[in-house]
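I have placed the structure first, in the form of structure tokens, so that the comments after it can refer back to it.
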Amino acid sequence: AVYRLSPIAAVLPDALSSDKAKAGAANGLFWGKVFPTLQNVLAEAARALHQRGELSQAALLKYIISVTEDEQYHGIFHFTDNNMPCRAILLHRAIQKISPQDDAARRFIDILPNGSVDSTAQAQLHKVQQERLPAALPGPMQHVYRVPWEAYGLDPRLSMEHAQYVAQMVEDLTDALASSLVQSWAEQSAKAFLSDADTLLHEQAIHLQHMANLAHRFVGRTALVDDFKARLRSTSGGSGGGSNNKGPAQLIVVTGVDGSGRSSLVSKAMADLSQEEHAAGKSSTLFVARYVGRTVNSSSAEALFKDLALMLFRAYGEPAPKTIDSWEQIRNHFRRALQQVPENKHVVLALFEVDKLSSLVGIGNVVQCFNPEGLSSRVKIVVTLLDSDRAYMPKMRALTRAAGGSGEALSLPALQRAEAAEMLEVVLKRDF
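For what it's worth, our numbering labels the leading residue of the sequence shown as 129, then goes sequentially.
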């Protein structure tokens with residue numbers, strides 16, 4: 129057979145026009161008709177060959193998945209480096225109630241030439257977003273942003289919800305990149321040069337640096353910050369007495385909707401108190417921060433509480449426990465570290481995003497580690513988690529109620545439009 133290729137102008141007279149608008153329209157119109165047919169023919173033929181055993185699974189994927197999914201397959205789903213899932217981050221923008229009839233919708237979902245939604249493409253996308261990626265990546269590496277659809281599409285200049293989403297996504301991405309670099313360096317350094325004691329210092333340093341970064345980026349909400357600092361001062365060694373002292377609560381559970389600023393607010397308050405002590409020449413308070421999932425040792429309850437127990441005993445100048453392997457030993461040593469605080473010390477321990485903490489011993493056992501009963505009066509424990517969490521939240525609420533005056537629950541209000549606009553402006557100016 130002989131195949132003769134005709135010039136493109138024979139089919140599309142305007143395809144090579146110097147007028148970009150005409151050329152674009154001609155190519156778009158033609159390709160819009162050809163592409164779906166070509167795509168379906170190749171996909172159906174590839175599936176048929178695969179069923180007959182004449183095409184491998186890897187070859188089949190070339191005809192039925194997108195370039196983006198192919199990159200995910202080789203970079204995440206089919207990785208050879210055991211640490212790869214901790215080096216990837218999922219930023220999932222879940223657009224709520226998108227309307228295919230809106231002109232802007234074509235930029236966000238697959239629309240066929242006849243104006244209907246490409247259900248096959250959407251089903252493949254849904255499987256990747258809802259099943260494969262969440263299963264492949266640790267919980268702390270996943271961020272979901274539920275964004276309401278507007279007729280004009282997505283525009284942070286016109287919608288408070290869109291502005292909040294952009295600002296939160298920028299913060300999550302920069303935090304993840306910085307954390308990955310710092311963690312990689314710390315892990316390599318620990319393996320090559322550091323003793324166990326030095327590794328504990330590096331772990332503490334990574335989290336305190338993140339706390340400083342969040343505090344530096346914090347915008348507004350001065351009254352909330354001052355109020356929270358007052359709640360901590362009774363233990364942090366500051367001027368907690370008097371009208372600003374919010375009482376003796378030793379367990380403070382901070383909740384709020386996604387994006388309400390729980391971690392940032394607590395980080396800002398702790399960083400301010402630390403700086404105030406430093407400026408006053410004091411060093412009696414040990415500020416301990418752990419952001420769940422930021423490092424390997426902060427991802428599971430077992431590793432987290434073991435690390436905290438060893439670090440606290442070292443900070444007290446006491447010898448570390450010789451045996452601390454089973455969960456019972458880990459829990460007992462952690463509790464003992466919070467019960468036997470030296471008289472010249474105060475401890476402010478903040479655990480962020482506890483709802484992302486994994487555990488093999490059950491959530492109830494983990495929550496009991498925060499029980500303020502029997503702890504030194506010089507200890508404050510701050511826990512942050514989502515209002516909507518259905519695992520840790522009910523048990524934390526029950527523990528707070530049972531603790532009476534020793535427990536306190538604070539729910540942060542969602543950001544207001546003016547606050548979101550100010551935060552977005554600061555973040556974009558600083559980071560870009």
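A virtual CB, placed ideally from N, CA and C, is assigned to each residue, including glycine.
Quick caveat, the model's predicted, so the values are computed rather than measured.
| Item | Value |
| --- | --- |
| What number of angstroms, rounded off, separates the C-alpha of glycine 366 from the C-alpha of glutamine 257? | Low local confidence applies: a pLDDT of 41 at glycine 366 is under 50, so the model's placement there is unreliable, with the coordinate-based value given in what follows. Distance between the alpha carbons of glycine 366 and glutamine 257: 48 Å. |
| Compute the beta-carbon to beta-carbon distance between valine 507 and leucine 479, rounded to the nearest angstrom, for a pair I have assumed lies under 8 Å. | Valine 507 to leucine 479, Cβ: 13 Å. No contact. |
| DSSP three-state label for isoleucine 217, please. | coil |
| Could you check how far apart the C-beta atoms of tyrosine 419 and glutamate 481 are, in whole angstroms? I think they sit under 8 Å. | 7 Å |
| Can you say whether alanine 149 is buried or exposed, counting buried as having 16 or more other CB atoms within 10 angstroms of its CB? | exposed |
| Would you say aspartate 517 and serine 539 are within 8 Å of each other, going by their C-beta atoms? | no |
| Tell me, which residues are paired with proline 276 by DSSP? | Gln224 |
| I think leucine 466 touches leucine 503, with their Cβ atoms under 8 Å apart; what is that distance to the nearest whole Å? | 5 Å |
| Is the beta carbon of isoleucine 452 sitting closer than 8 Å to the one on alanine 437? | yes |
| Could you spell out where the alpha helix (DSSP H) holding serine 395 opens and where it closes? | 390-407 |
| If the criterion is Cβ atoms closer than 8 Å, does the pair valine 382 and valine 394 meet it? | yes |
| In its own chain, which residues sit with a C-beta less than 8 Å from the C-beta of leucine 219, not counting the 5 before and 5 after it? | His271, Tyr273, Met297, Asp300, Leu301 |
| So, valine 275 versus histidine 290, is the Cβ gap smaller than 8 Å? | yes |
| In whole angstroms, what separates the C-alpha of valine 263 from that of alanine 216? | Note that residue 263 is alanine in the sequence shown here, rather than valine. One C-alpha to the other measures close to 13 Å. |
| DSSP on threonine 512, reduced to helix/strand/coil? | strand |
| For a test of the three-state rule: what should DSSP assign to glutamine 167, helix, strand or coil? | helix |
| For a quick check, are the C-beta atoms of valine 476 and threonine 413 less than 8 Å apart? | yes |
| When burial is assigned at 16 or more other CB atoms within 10 Å of the CB, is threonine 528 buried or exposed? | buried |
| Rounded to the nearest angstrom, how far is the Cβ of leucine 360 from that of leucine 329, given a contact under 8 Å? | 24 Å between Cβ atoms; not a contact. |
| My understanding is that phenylalanine 415 touches methionine 398, with C-beta atoms under 8 Å, so please give their C-beta distance in whole angstroms. | 6 Å |
| So which of Leu189, Met269, Ala443 has the shortest CA-CA distance to asparagine 472? | Ala443 |
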